[in-house]
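Structure first, commentary second.
2 protein chains.
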Amino acid sequence: MSSERLIYLPLGGAGEIGMNCYVYGYGPEGAERLILVDMGVTFPDMDGSPGVDLIMPDITWLEERKNQLEAVFITHAHEDHVGAVGHLYEKLGAPIYARAFTANIARGKLAEYGHSDKVVRVVSAFPEVVKAGPFEVSFLPISHSIPESSALVIDSPDGRVVHTGDFKLDETPIVGEAFDPVLWGKVAEKGIKALICDSTNVFSPIAGRSEASIADEVTNLVAEAGQMVVATTFASNVARVKTLAEAGQRAGRSICLMGRAMRRMIQASVETGVLTDFPPVISPEDARGMPRENVMLLVTGSQGERRAASAQLANGKYNGITLKEGDLFLFSSKTIPGNERGVIRIMNQFSEMGVDVVDDMGGRYHVSGHANRPDLVEMHKLTRPQIVVPMHGEHRHLREHAKLAESNGFQSIVAPNGVMVNLSGNEPLVAGYVETGRLYLDGSVLIGALDGIVRDRIRMALNGHVLVTVPIDEDGELLGEPWCELKGLPELGKSNAPLVDVLEEDLDQFLGRAKGSTLKDDDKLETELKKIVRKSSLDEIGKKPEVTVVVSRLA
Amino acid sequence: MSSERLIYLPLGGAGEIGMNCYVYGYGPEGAERLILVDMGVTFPDMDGSPGVDLIMPDITWLEERKNQLEAVFITHAHEDHVGAVGHLYEKLGAPIYARAFTANIARGKLAEYGHSDKVVRVVSAFPEVVKAGPFEVSFLPISHSIPESSALVIDSPDGRVVHTGDFKLDETPIVGEAFDPVLWGKVAEKGIKALICDSTNVFSPIAGRSEASIADEVTNLVAEAGQMVVATTFASNVARVKTLAEAGQRAGRSICLMGRAMRRMIQASVETGVLTDFPPVISPEDARGMPRENVMLLVTGSQGERRAASAQLANGKYNGITLKEGDLFLFSSKTIPGNERGVIRIMNQFSEMGVDVVDDMGGRYHVSGHANRPDLVEMHKLTRPQIVVPMHGEHRHLREHAKLAESNGFQSIVAPNGVMVNLSGNEPLVAGYVETGRLYLDGSVLIGALDGIVRDRIRMALNGHVLVTVPIDEDGELLGEPWCELKGLPELGKSNAPLVDVLEEDLDQFLGRAKGSTLKDDDKLETELKKIVRKSSLDEIGKKPEVTVVVSRLA
């Protein structure tokens, strides 16, 4: 057996849906030449990451080995695959390879950080090959919901790996190349060492439907509407945007795109020539001037995002347009778990305005962009890999997908983020564990998820905050009374006196009794004062607040 | 026409699912004699109410008219109908009427606030009547998912109102009385003025299934399991707890109840004699000593609640029991929108432990306790009211339910919280608008949702917090340098210097230049210092934090 090895290491996307980031390596242990597949983001929420703008993988492990890194490959232009290129490029510095449309989107993100277009190199579809150290990599077209989605065919001295990226088996995908089983069969002909495979929909028991299957239903819905029609979906679901626009056009309506991301994505699609027959669009200004029954708006914000077009329409107005009684609003989308509250809030706001809200109706107006369970089985059987490695899924998806593969006679392994797998032998082996994590884009700064910064914010949100200032002179004598400022706490407590008065009184009593040695020791003083505030607050209001103590020692 | 009128006024539950609280009145305008139906709570979330313990309706309107209030009626013992009795009883002081099981639960809640059992008066089912001012009220049995669920038949001089409470049409409900269309037909015989009707499932297009329909499926699942089986559902879904326990028993397992709420609910059911044939249960200690394949645990925490038994088992151990590879965990429940993140977190923790997690499987292991769309139609047709008033639903549910009723020839009206409806005439009329809102139980204190307290906590969570202290002497001279304490903010900003240093430097510069008049004016000083901190932070870290300024004026 060779001393070289072929490794797979997910840094993001294996243990969550989103934030895709996978390393492959080949070479002697510890000195492998590496490539990276995808640099995606995921989105924050109030529960775990309040105030955070974006979440991306912590790539410290790779950064420390950037001299081993040959190249980065981006499978497609969804945010959870390309969203972190701008924020993380500088840490790696390796060239980025993508197909034209994906490259267009990636370049836009890199430009925001002042990086040149040259950082991204455009590659044509399979069989064009990029040499990256010991690897030869090509972009194999696969149907998804955005132009030029690709799997990667990664040839190494230890065999061929196919990394599916996001995919579904769709022979009429509206945009992007149709799934081509003959081409895939050809790729599999010489044998596939490992299939690294999307797990998103492993719990969906029925075979997936084509994007084309909803066109008639949407057209009927729009045709029957008597007033304005508005439809929302992910801006990056270019296939759906086209399905909706064509349905509107067939129903005799003019199409207006609203929301920056929606316009940008369609513009990039047209610029790169991947979207040649999109219906003509009108501006919001023109839409305002037309009879309502002749207009269809396609808008951002299908997940209830607070600043997107849908939310702004629900709040009353966007681009000068206000919805009215009898208008129709279609969510041509599925709500991602965790976003329900935001989506429902918008639905109820529309309901109060008399707008009829229609959701996906159990699949009538929406199909998924990912392969369902029977489609995964089909993919396994078509490619017949030696090993199936589930990726892009929460732990439960990876585990279920591995069980599914094993039940059909394939070797498999559950490898969540940080688990390095050696693919060289006859069976997949865990080769080690790497520390992984999440970086938060917080305003303009990247912070670590475990830095304690966001934890402190969560604690303030849960417990409120008390600030204590104690002025002390150079001799360790009190220069006045302690002072409290409360934020996020009730004014009155059990004793029916202002909480701030109760706390100041209790602190004052303590300080009056405190020894000189305590007053001279900042740490001790802080500890004691915090303890008093927490205890008194618990008595008064049944909560222990966060406490900050400032001892002002005046010289 | 009489100058007296019959009014309906929702204070909670109409505009949300949960927090039920409805007023009925009869008498001259402004001097109606009133009754209250249900005093429910709803649950906080991190998005809108971080750190809050419970949410209940703001009943200020009713409190100001408590001398007009005759009585409170509780339809059934679910938290969203009875949960606020302890917290709000003192504001009203009126007697509470309920059937025996509901009374048992209500008394427990009142006892926590030191109120006597006598506050709650036990009433038998229809035709027993409670006289409450101009009203005669009786408890009409209806199937739901907890013992003794009842609709209320409310007779007034202007006719009969039927308030459904929560219900489904179930002739084999496992616990509680079966739906009895003959009895309901009898109640409707003399004519019903208004049906105030549960709207929860108006968007569910297929007729609801009986609780009894899942028994065999659950039994098969448990019987096929090779190791320990754990099942969770709402503790207050007594019907489901029984269904699960009987399935376990049929599969030859001993049943162990875990979680305080689960044990308490079953205990109350047994005490009041409404649950006579519940399988024998064993203690957690005994369960620990038995072979895993002979045990079935029924646990709290189906909604992912952080402190419940499910979450604790997912974290490693509860009552000395640890789950293992090959165990089975069944969510016999539907995740309430907004709780997905918590539930999914637990599912993935179990997945990491090798535990097989099974969810409701699209209805195989769970049925709803509420009437679906065709069941609502059946209820309308059976009772043939003059008016259908949708209640218990978000705005979209109320609106859809009203449309449904109208499409079947009934008058209807959408009356969200605060809309007073006059039911006396031939058609329902809006009689006025009342200010309503939410109270938060925050620790041990009731605060108003709009008091700004929770808003401040949310802002600290989103933006972080900077505290500025400036010591100034009696002459308005600086006594030292300004001091900043940061919480929830990154340490380093754009200039790569500690943010705290940048802020202190900027504040110091400002204070050095500031005029004496500024230094003497606390408000002006505070405004200016806040502005500087926000601006400098935006430059450095791309965020504007919350700022608290303390000017210590030392005498």
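Same order as they appear, the protein sequences are chains C and G. The first sequence maps to residues 560 to 1114 in the working numbering. The second sequence maps to residues 560 to 1114 in the working numbering. From the three backbone atoms N, C-alpha and C, an ideal C-beta is built for every residue, glycine too.
- The secondary-structure analysis by DSSP pairs residue 999 (chain C) across a beta bridge with C:614 and C:1006.
- No Cβ of chain G is located within less than 8 Å of the beta carbon of residue 1036 (chain C).
- Taken through DSSP and simplified to helix, strand or coil, residue 878 (chain C) comes out as coil.
- By the criterion of a C-beta distance shorter than 7 Å, residue 610 (chain C) is surrounded in its chain by 1001 and 1016, once the five residues flanking it on both sides are discounted.
- Nearest to residue 879 (chain C) by C-alpha distance, out of C:657, C:907 and C:815, is C:815.
- With respect to residue 751 (chain G), residue 925 (chain G) sits apart: the two C-beta atoms are not nearer than 8 Å.
- Straight-line measurement puts the Cα of residue 927 (chain G) at about 10 Å from the Cα of residue 796 (chain G).
- Note on residue 670 (chain G): under 16 other CB atoms within 10 angstroms of its CB, so exposed under the neighbour-count rule.
- For residue 1086 (chain C), there is no enclosing beta strand (DSSP E); the residue is part of the alpha helix (DSSP H) that begins and ends at 1081-1100.
- Within chain G, the residues placing a beta-carbon under 7 Å from that of residue 1022 (chain C) are 610, ordered along the chain.
- Comparing C-alpha distances from residue 870 (chain C) to each of C:835, C:1081 and C:907 shows the shortest one belongs to C:907.
- Comparing C-alpha distances from residue 992 (chain C) to each of C:985, C:976 and C:905 shows the shortest one belongs to C:976.
- Proximity of the segment 798-817 of chain G to the segment 770-786 of chain G meets the contact definition, three or more beta-carbon pairs being nearer than 8 Å.
- Secondary structure in the segment 628-688 of chain C: the beta strand (DSSP E) runs of 3 residues or longer, each lying completely within the stretch, are 628-632, 655-657 and 679-681 in chain order.
- The C-beta of residue 1031 (chain C) has 16 or more other C-beta atoms within 10 Å across all chains shown, which makes the residue buried.
- Residue contact with chain C for residue 954 (chain G): present (Cβ-Cβ distance below 8 Å to some residue of chain C).
- In the DSSP assignment, residue 946 (chain C) falls within the beta strand (DSSP E) that extends over 944-950.
- Residue 1001 (chain C) has a beta carbon lying within less than 8 Å of a beta carbon in chain G.
- Under the Cβ distance rule, residue 1063 (chain C) does not count among the residues neighbouring chain G, no pair being separated by less than 8 Å.
- CA-CA distance, residue 791 (chain G) to residue 921 (chain C), rounds to 26 Å.
- Taking residue 895 (chain C) as the centre and dropping the five residues before and after it, the same chain places the C-beta of 862 closer than 7 Å to its C-beta, in chain order.
- In this structure, the straight-line span from the alpha carbon of residue 970 (chain C) to that of residue 753 (chain C) is close to 9 Å.
- About 6 Å separates the beta carbons of residue 770 (chain G) and residue 802 (chain G), which is inside the 8 Å limit, making them a contact pair.
- Listed in chain order, the positions of the segment 900-927 of chain G with a beta carbon within less than 7 Å of a beta carbon of chain C are 900, 903, 906, 907, 910, 911 and 916.
- Under the three-state reduction of DSSP output, residue 828 (chain C) falls in the helix class.
- Only residues of its own chain outside the window of five on either side were considered, and among them 661, 703, 705, 707, 708, 709, 724 and 725 have a CB closer than 7 Å to the CB of residue 635 (chain G), listed in chain order.
- Three or more Cβ pairs closer than 8 Å define a contact, and the segment 737-748 of chain G falls short of that threshold against the segment 960-968 of chain G.
- Of the candidates G:573, G:568, G:632 and G:565, the residue whose Cα lies closest to the Cα of residue 953 (chain G) is G:573.
- DSSP places residue 745 (chain C) in the helix class (H, G or I) of the three-state scheme.
- Where residue 843 (chain C) is concerned, the enclosing alpha helix (DSSP H) starts and stops at 843-848.
- No Cβ-Cβ contact shorter than 8 Å links residue 659 (chain G) with residue 835 (chain G).
- In the three-state reduction of the DSSP assignment, residue 970 (chain C) falls in the strand class, which pools E and B.
- By the criterion of a C-beta distance shorter than 7 Å, residue 747 (chain G) is surrounded in its chain by 941, 942 and 943, once the five residues flanking it on both sides are discounted.
- At the C-beta level, residue 680 (chain C) and residue 664 (chain C) stay beyond 8 Å of one another.
- Assignment of beta-bridge partners to residue 1042 (chain C) by DSSP yields C:1028.
- Around the beta carbon of residue 1049 (chain C), 16 or more other beta carbons lie within 10 angstroms, which makes this residue buried.
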